[in-house]
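> Residue numbers (the UniProt record's numbering): 1 to 559.
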Ligand SMILES: CC(=O)N[C@H]1[C@@H](OP(=O)(O)OP(=O)(O)OC[C@H]2O[C@@H](n3ccc(=O)[nH]c3=O)[C@H](O)[C@@H]2O)O[C@H](CO)[C@@H](O)[C@@H]1O[C@H](C)C(=O)N[C@@H](C)C(=O)N[C@H](CCC(=O)O)C(=O)O
Ligand SMILES: Nc1ncnc2c1ncn2[C@@H]1O[C@H](COP(=O)(O)OP(=O)(O)OP(=O)(O)O)[C@@H](O)[C@H]1O
Ligand SMILES: N[C@H](CCC[C@H](N)C(=O)O)C(=O)O
Ligand SMILES: [Mg+2]
C-alpha cells in the first residue's frame, strides 16, 4: 500500500488529513505531537500572579539549592521575570514560556528542564520531587524560578488560564462527554452554532477548528496548557462559541479544570478505558465531575442508560433527553431512512422542533436530539440550530460510505467499544437485504476487557466477522486476536470460516471482506474511522480504512 501522508504542519485544509506524524522512511512514520497554536499577542504575566492561583502549593522545596523556589507565600517574587506562555512539553517550549515539569507515568518532566531552559523557558512549575531533581541536576543553570505545587498537573490548568487571560470566560463554551458519540455530537453542535450566526471553534478527536482554520488534533482533549492557548487563539480570531469533546482522561488529569462551560452534555456510558480507570464507577465519576454547577452552567444529560439517570439525579436543574423518553427532550414521528431520519423533537415548555438528522441510525437521532437540547438550553434559536444540524454533511469516519460503484454497501465506522459495535451492527442490519461482513480489531495497550465483548458482538450480530489488527501498539497482535476470539460463542467458532475468521493483516482482511461480498450485502470496516495510521511498536504506518477499502473495491472491480 502506498504512503498516504499528506502533510506535517499544524495547519491543514483537509479534516481527514493525517495527524501526529513525521516521515522516517517512505512508509514508516513515528508519532509526534503537533505544536499547539499560540496566541499572536500573549499577555506577559508576573510570577507572583501565578503563585497566587496555585490551588495546591507545596512547602518550599528548592530553598538553599541555588534555585529560587517559589512555594506558598515564600521565596522571591522575581519581579523581572515575565511569562508569556506555558507548556508541559520541553519539545514545545518557546522563549518566555513557563515549563510545567509534570510527574508522568513513564518519566518525570523535570528530567527535561535543561532542554526547556535551553529553548528559552524562564520559569518552571513542578512538584517537590521535580524541584529536587532540578536542583540536583548538574547541567541545569542556577537561578531559575521554580513554582512548587503539590499537584502541578492540577495547577497547570489555573496557571495556564491566568497566563492566557481566562479565555473560556469570554466565549460560549460547550462541553461533550460520554463513552460514545462525543465527536458526532460536537460536530452537530458546531453546525447548529454556525447556522445561528456564531463564529465557532471545535476541539476534538478528528480535528480542531478555529473559525475557518482547521488544525490536526493530537488528543481528543488537549493538555490544559495547550487548551488555554488554543482558546486564547480562538478569541484572537473572532470565535465566540466553541464545542469541545471532554474525555475522561482529560477530566481525571485536570486538563479541563479552570474552564467555564456555558453547558455540558452527557451522551452515554458503557465499557471502555478500564486500562486507565480502575472501575466503571471511577470512569463514571470522572465524567460526572464535568457536571457540577461551578463548572457547567447548564447540564444536558442523556438518560437512556442508567448512568445518565444516576448523573441527572445529582443535578436537579438538568435538562434530560432520550429518544423514547421519559425525558425533557424526546423524539416523535420518526421516519428513518438509510442515510438519516426526520422527526419532531419535543422539548420543555411545549417546544416543538422539526429535525432532520443527516446521519443514519437511532443512535444518531439521540446524538442530534442531545445537540439540539443543549443548544436550545444555552439560548440558541432552536429553529436555526435544527437547520444547521440538518445540513451537516457527515462526520469523517463515522458511518462513512465508500462508493466505488460496487453493488453492495461499504462503510467505515469508528466503533471501538462493545456498545458501539453492537449499535453499529443493529443499525446496519435493516439497511441491507443480504449479509453483513464486519472487519474489526481491538487496540493494544487499551482496555483488555473490551476484547472478548467486541469479538462476541461482531460474531453474533454480523454474518461474517473478520478479526484483524487495530493499532497493536506495544502488544503482541496475536494475543489481542486470541482475546477477541475467546469471546466468540463456541458454536460460532466451530463454524469454520463461515462465521469468524482471523486475518491479522488489516489490508488483507478488508480485501477478504470485499471478495466475500455479494450484491445487497454490507462490508463494515470498524474501529479506526478517521485514523490515518496503524501503530505498532512505536511506529505508525500510514493506514486509512477509507483509502484501503476503496482500493480493495477498485481492485475487485478491475479483477
Ligand atoms: C494515559 C495518558 O493520558 N497519558 C498522558 C500523560 O502521559 P504520561 O503521564 O505517561 O507522561 P510521560 O510520558 O511520563 O511524560 C511526563 C512528562 O514529561 C514531558 N516530556 C516528555 C518527554 C520529553 O522529551 N519532554 C517532556 O517535556 C511530557 O510532556 C509529560 O508532561 O501525560 C502526557 C502529557 O503530560 C500525555 O500526552 C499522555 O497522553 C498519552 C499520549 C495518551 O495516549 N493519552 C490518551 C490515552 C488520551 O488521553 N486519550 C484521550 C481520549 C480517550 C477517548 O475518550 O477515546 C484524549 O483526550 O485524547
Ligand atoms: N450515541 C451513541 N450511542 C452508541 N454508539 C454511538 C453513539 N454515537 C456514536 N456511536 C458509535 O461510536 C463510534 C464513535 O463515535 P464518536 O466518534 O462520535 O464517539 P466519541 O465518543 O467521540 O469516541 P472517542 O472517545 O473515541 O473519540 C461511532 O462510529 C458509532 O459507531
Ligand atoms: N480514542 C480511542 C480511540 C481508539 C481507536 C482504536 N482504533 C484503538 O486504537 O483502540 C482510544 O484511545 O481508546
Ligand atoms: Mg471523539
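C-beta atoms are modelled at their ideal positions from N, C-alpha and C, and glycine is treated no differently. Computed from a predicted structure; not experimentally measured.
Say whether the region 371–378 touches the region 253–268, bearing in mind that this needs 3 or more beta-carbon pairs closer than 8 Å, one atom from each stretch.
yes
> With a cut-off of 6 Å, give the chain-ordered residues whose Cβ is closer than this to any heavy atom of ligand 4.
182, 183, 204, 205, 220, 245
> Which two residues bound the contiguous alpha helix (DSSP H) that contains residue 298?
That residue, residue 298, is in no alpha helix (DSSP H); its beta strand (DSSP E) goes 296–302.
> On the premise that residue 191 lies in contact with residue 384, defined as a C-beta separation below 8 Å, what is that separation, rounded to the nearest angstrom?
Rounded, the Cβ-Cβ distance is 11 Å, inconsistent with contact.
> Pop quiz: residue 154 and residue 55 are said to be a contact at Cβ under 8 Å. What is the actual Cβ separation, rounded to whole angstroms?
6 Å
> Which one of 135, 105, 241 has the shortest CA to CA distance from residue 113?
135
> By a C-beta neighbour count over all protein chains shown, 10 Å radius and 16 as the cutoff for buried, is residue 220 buried or exposed?
Under a 10 Å Cβ-count criterion, residue 220 is classified as buried, with 16 or more other Cβ atoms of the shown protein chains found around its own Cβ.
> Tell me the DSSP secondary structure of residue 491 in three-state form.
helix
> Just the C-alpha distance for residue 520 and residue 165, rounded to the nearest angstrom, thanks.
57 Å
> Taking the alpha carbon of residue 503 as the reference point, which residue from 489, 485, 518, 300 has its own alpha carbon closest?
485
> Excluding the 5 residues preceding and the 5 following residue 364 in the sequence, name in chain order all residues of the same chain whose CB lies nearer than 6 Å to its CB.
357
> Using the three-state DSSP reduction, which class does residue 90 fall into: helix, strand or coil?
helix
> Helix, strand or coil for residue 233, going by three-state DSSP, please let me know.
helix
> Given a cut-off of 8 Å, decide if residue 232 and residue 167 are closer than it, judged by their beta-carbon atoms.
yes
> Taking just the CA atoms, how far does residue 360 sit from residue 337?
7 Å
> Classify residue 200 as helix, strand or coil using the three-state DSSP reduction.
strand
> Compute the Euclidean distance between the alpha carbons of residue 169 and residue 235, then round it to the nearest angstrom.
11 Å
> Do you know how far the Cα of residue 446 is from the Cα of residue 474?
10 Å
> Can you list, in chain order, the residues of its chain with a C-beta nearer than 7 Å to that of residue 64? Leave out the 5 residues immediately preceding and following it.
Bear in mind that the predicted position of residue 64 carries a pLDDT of just 35, short of 50, making it unreliable; the figure below should be weighed with that in mind. Here the set comprises nothing.
> Quick one, are the C-beta atoms of residue 187 and residue 395 less than 8 Å apart?
yes
> Quick one: using the 10 Å Cβ neighbour count with 16 as the cut-off for buried, is residue 552 buried or exposed?
Residue 552 should be labelled buried.
> DSSP beta-bridge partners for residue 473?
536
> What do you reckon, are the CB atoms on residue 523 and residue 508 nearer than 8 Å?
no
> Tell me where the alpha helix (DSSP H) around residue 145 begins and ends.
It is not in any alpha helix (DSSP H) - residue 145 instead sits in the beta strand (DSSP E) that spans 145–148.
> Count the other CB atoms within 10 Å of the CB of residue 344; is the residue buried (16 or more) or exposed (fewer)?
exposed
> Given residue 177, which residues of its chain have a CB within under 8 Å of its CB, disregarding the five upstream and five downstream residues?
245, 246, 247, 248, 251, 264, 265, 266, 267, 287, 290
> Apart from the five residues just before and just after residue 90, which ones in its own chain have a Cβ nearer than 6 Å to its Cβ?
112, 115, 116
> Check the C-beta distance from residue 225 over to residue 156 and give it rounded, since I have them as a contact under 8 Å.
6 Å
> Per the DSSP calculation, residue 400 is bridged to which residue(s)?
412, per the DSSP bridge assignment.
> Helix or strand or just coil, what does DSSP make of residue 542?
Shown here, residue 542 sits in a strand according to DSSP, grouped into three states.
> For the candidate residues 256, 511, 534, whose alpha-carbon lies nearest to that of residue 557?
For the set 256, 511, 534, the Cα lying nearest the Cα of residue 557 is the one of 511.
> Please report the straight-line C-alpha distance between residue 150 and residue 39, rounded to a whole angstrom.
29 Å
> Hey, would you say the C-beta of residue 416 is under 7 Å away from at least one heavy atom of ligand 2?
yes
> Under 7 Å from any heavy atom of ligand 3, does the C-beta of residue 506 make it?
Residue 506 Cβ: outside cutoff for every heavy atom of ligand 3.
> For the candidate residues 538, 547, 213, whose alpha-carbon lies nearest to that of residue 531?
Checking every option, the nearest Cα to that of residue 531 belongs to 547.
> With H, G and I counted as helix, E and B as strand and the rest as coil, what does DSSP make of residue 432?
coil
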